[in-house]
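If you use my numbering, the sequence shown corresponds to residues 21 to 280, in order. We put the beta carbon where it would ideally sit given N, CA and C, even for glycine. Here the structure comes first, spelled out in structure tokens, and everything after it is commentary.
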Amino acid sequence: MSAEWVASADWLADHLGDDDVVVVDVRDAWEYDGIGHVPGAVNVPFDSFRSEGGPEGMMPSPGEWATLLGEAGVENGDTLVAYDDTHGVFAARFLVTALYYGHEDLRLLDGDYSAWIRGHEASTESVAAAPTEYEAGEPRRDVFVDADAVSGALDDPDAVVVDTREPWEFEEGHLPGAVNVDWKDVVDDETRGLKPREDVAALLADRGVTGDRRVVLYCNTARRISHTFVVLKWLGFEDVAFYEGSLTDWEERGRPVETE
21 MSAEWVASAD
31 WLADHLGDDD
41 VVVVDVRDAW
51 EYDGIGHVPG
61 AVNVPFDSFR
71 SEGGPEGMMP
81 SPGEWATLLG
91 EAGVENGDTL
101 VAYDDTHGVF
111 AARFLVTALY
121 YGHEDLRLLD
131 GDYSAWIRGH
141 EASTESVAAA
151 PTEYEAGEPR
161 RDVFVDADAV
171 SGALDDPDAV
181 VVDTREPWEF
191 EEGHLPGAVN
201 VDWKDVVDDE
211 TRGLKPREDV
221 AALLADRGVT
231 GDRRVVLYCN
241 TARRISHTFV
251 VLKWLGFEDV
261 AFYEGSLTDW
271 EERGRPVETE
């Protein structure tokens, strides 16, 4: 698996046109066509891979995912670089979905489309990708965990459960013992990209989120948790789990919630 997880705009500019690098724009088609996109990027809109209560929860089915990536011209061994125009939060969900189905080399464009066009050219030419026979792997059950695994982490002193919602949401109710890390706290408002690695690591450490602990993430929005997941992998965290359920699901199971 890629040890990178985040690609700078300069890195991407140097690798545009590489046969094994596929750039994926997850914005709506009207944005991709009308506003412009990274040259050579294929368009895979967010709504096309966000399932509503399918066999894999909020994940598309394996067949749907394979068809989607095959139509976008993706090969199983390609480096996937995804971006949006919302600080990467939608693009991160695309990458997490790819991880779920076994894709290994995944990178989030540092910043978003607005950040890209500050220093690089854009295109309005649609890309007609040559279809491929993409194969979705077996879902990753080691990274994507259920409510019982979350309960176990709450009782484990070597683990930390992280709520990636906004502070006001956290205060209204959260899992007992969870810590709050708003995904936007790691984003630089001026550059639109991630804050320096050491600053992000220090912010997390202040809340008890360190690389020597198992980290279990949850949220009520898969996009936000996906962004934090990518950031942790970028920092080198090895043991990061993703609860695909939500606080709402948790409460519906009759499990306890704390308020502040």
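Burial state of residue i (16 or more Cβ within 10 Å)
i	result
residue 178	exposed
residue 47	buried
residue 243	buried
residue 226	exposed
residue 213	buried
residue 74	Confidence at residue 74 is low in this model, with a pLDDT of 49, below 50, so its placement is unreliable and the value that follows should be read with caution. So residue 74 counts as exposed.
residue 253	buried
residue 172	exposed
Top-ranked residue by Cα proximity to residue i, from the options
i	options	result
residue 160	84, 109, 247, 118	118
residue 113	69, 154, 86, 155	69
residue 147	37, 33, 219	37
residue 29	100, 130, 96, 105	130
residue 258	189, 162, 222	162
residue 203	216, 218, 186, 219	186
residue 233	167, 60, 181	181
residue 175	198, 270, 109	198
Distance, residue j Cα to residue i Cα
i	j	result
residue 273	residue 264	14 Å
residue 49	residue 66	10 Å
residue 140	residue 44	16 Å
residue 106	residue 132	6 Å
residue 34	residue 125	17 Å
residue 155	residue 40	16 Å
residue 251	residue 266	20 Å
Coarse secondary structure for residue i, derived from DSSP in three states
i	result
residue 133	helix
residue 261	strand
residue 22	Here the model assigns residue 22 a pLDDT of 46, short of 50, so the residue's position is not dependable and the matter cannot be decided.
residue 27	strand
residue 280	coil
residue 236	strand
residue 220	helix
residue 138	helix
residue 243	helix
*Return the chain-ordered ranges of every alpha helix (DSSP H) run that is complete within the stretch 37-125 and spans a minimum of 4 residues.*
Taken in chain order, the whole alpha helix (DSSP H) runs of length 4 or more contained in the stretch 37-125 are 49-54, 82-91, 109-120.
*Contained beta strand (DSSP E) runs [length at least 3] in the stretch 164-204, N- to C-terminal order*: 179-183
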